[in-house]
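A.B. asks: This structure is in structure tokens; I'll ask about it shortly.
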């Protein structure tokens, strides 16, 4: 046998080779599991195995099989092609119960793979390339024996070249067209159609029957000519042999058959996939992060951090005599278990998402996933939805831990607080000095003792000026301090909210949105794989047809 032509690992000119198609098919099977109908997945897996096994058996041998319904003269045509009465024939009763092979040279590897036991050797069958051709006579496709029909169906799915033998009286038989030919629109390069027993109709009727048979074949989607033959008279036999030889001469028939099968699977797969989803829009990603942050209590924590800033600030900038009032109040962060104690970091906070808040996040995620997967098949949409919703609780737990470990600025003390405290104490001491001075003067007056000279500040005595002035400045410092604290608290609130949201964003991306992205990416990849499968070997096939 001649050696098969080598094919490069990569197709030239954008052509997907069979080996590339096999790789794509394996990946498509992996991605499509649970997403496409089980029967399609099973056919794809079976085809993958078939391609590997057929390549192992050798693509240089061309297996040509005759298929037809009972009474089409298939076995007689087989004998006419073989040039010997190898197959039993009968007018009406089906006689072929098992496939029979005839070849000029032994073809054990491929026939073992096809599980064809009845093998005949016959020299001089074909004028050329006979050493590379194996001819099979098949059981009837409409046999009353289920086992025979299954053999015919199985081998129709794996042989290299299919010759469909039609009866001029029953060439429109539904079994042939609906069960076989219409499913083989990708297989025109490896399909021959013959109208056998052409000698049973006169010349005038022959032309109309051939034209009508050709029309039906075209409607089946096959680009194949109908050849008239007669096993009895030998009409058309040389032409049919010539067609078989021309196909075998290229040593491409096995390759083309497998490529056509891959294209057919790619076409069927493409039909189940719909359109790839648009994905999660950037604004929707931000909405999800914002919703998670809100449910996790970022707003509440940011407000508590601002409140804590005010609480601690008042201790430093407030009027010292009122410090006791702060003793009856609680730092807002302490109420949320967010105050660091003895260097320990709390594992969880007191602002864990409530079921209602978690439900709100789930509702938003459902809406966003629905928009992101619009146009995709239900299985893909369901998968994306389940992944996203399943991870909501996990994301909220992560967010809670982020908040628990976040630096909320508790240990930071602005420098102006110390300055403010110093000023408050200075003016408090001034007021106290004025008050003591007034007390001393009052005591002198009560004891009828002569009053010492009291210095004046303009028209006013200094002691009340010190007392009232100290109190007034203390009040002004307190009011200004509160204004500055409020401004600083707002800044703290914005900073904490921004920092926590920034830390929660990658968690939302990694633990929730990444799952949706993965489903969408797999859908796009499967669509791309199906598109490539539809084009396996197509360019070279078109060239040979032209």
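Numbering (this note's numbering), first residue to last: 1314 to 1859.
Quick reminder that beta carbons are idealized off the backbone N, C-alpha and C, glycines included.
Keep in mind the model is a prediction, meaning the values are calculated, not measured.
1. Mind checking whether residue 1821 and residue 1605 have CB atoms under 8 Å apart?
2. From this set, 1780, 1736, 1789 and 1481, which residue's C-alpha is nearest residue 1752's C-alpha?
3. State the Cα-Cα distance for the pair residue 1330 and residue 1416, rounded to the nearest angstrom.
4. Among the candidates 1777, 1542, 1681 and 1471, whose CA atom is the shortest distance from the CA of residue 1377?
5. Alpha carbon to alpha carbon, what distance is there between residue 1683 and residue 1814?
6. Below 6 Å CB to CB, which residues in the same chain sit around residue 1597 once its five sequence neighbours on both sides are set aside?
7. Count the other C-beta atoms from every protein chain shown that fall within 10 angstroms of the C-beta of residue 1521, then say buried if there are 16 or more, exposed otherwise.
8. Under the rule that 16 or more other beta-carbon atoms within 10 Å means buried, what is residue 1755, buried or exposed?
9. Which residue or residues does DSSP assign as beta-bridge partners of residue 1380?
10. If contacts are defined as beta-carbon pairs under 8 Å, then residue 1862 and residue 1782 qualify, I think. What distance do you get, rounded to the angstrom?
11. Identify which residue in 1453, 1383 and 1686 has its Cα closest to the Cα of residue 1832.
12. Let me know the secondary structure DSSP gives residue 1462 once reduced to three states.
13. Quick check on the burial criterion: 16 or more other C-beta atoms within 10 angstroms. Buried or exposed for residue 1660?
14. Evaluate residue 1391 with the Cβ neighbour count: other Cβ atoms within 10 Å of its Cβ, from every protein chain shown; 16 or more gives buried, anything less gives exposed.
15. Taking DSSP as the reference, what is the three-state secondary structure of residue 1769?
16. Leaving out five residues on either side along the sequence, give the residues of the same chain with a beta carbon under 8 Å from the beta carbon of residue 1741.
17. Tell me which residues share the same chain as residue 1443 and place their Cβ nearer than 6 Å to its Cβ, disregarding the 5 neighbours each side in the sequence.
18. Within 10 angstroms of the Cβ of residue 1720, are there 16 or more other Cβ atoms? Answer buried if so, exposed if not.
19. On the DSSP letters alone, give me the boundaries of the beta strand (DSSP E) that residue 1541 sits inside.
20. Take residue 1507 and list the residues in its own chain whose beta-carbon comes closer than 8 Å to its own, dropping the five residues that flank it on each side.
21. Any heavy atom of the ligand ADP within a distance shorter than 7 Å of the CB on residue 1716?
22. Consult DSSP for residue 1506 and reduce its assignment to one of helix, strand or coil.
23. Is the distance from the Cβ of residue 1420 to the Cβ of residue 1433 below 8 Å?
24. Out of 1509, 1567 and 1449, point me to the one whose CA is closest to residue 1850's CA.
25. Any chance the segment 1566-1582 sits against the segment 1358-1377, with 3 or more Cβ pairs inside 8 Å?
C.D. replies: Taking the geometry as given:
1. yes
2. 1780
3. 29 Å
4. Checked all of 1777, 1542, 1681 and 1471; the closest Cα to residue 1377 is 1471.
5. 24 Å
6. 1681
7. exposed
8. exposed
9. 1477
10. Residue 1862 cannot be examined here, being either before or after the span of the chain that is shown, 1314 to 1859.
11. It is 1686 whose Cα lies nearest to the Cα of residue 1832.
12. Reduced to three states, the DSSP call for residue 1462 is helix.
13. Interpretation of residue 1660 is limited by its pLDDT of 48, a score under 50 that renders its predicted location unreliable; the figure taken from the coordinates is listed afterwards. Exposed is the call here.
14. buried
15. Looking at residue 1769 - three-state DSSP - the assignment turns out to be strand.
16. Contacts found: 1632, 1633, 1634, 1783 and 1787.
17. 1417
18. exposed
19. 1539-1541
20. 1390, 1476, 1477, 1478, 1479, 1539, 1540, 1541, 1542, 1549 and 1553
21. The ligand ADP is not among the ligands present in this structure, which contains no ligands whatsoever.
22. strand
23. no
24. 1567
25. In short, these stretches touch, since the Cβ pair count reaches three.
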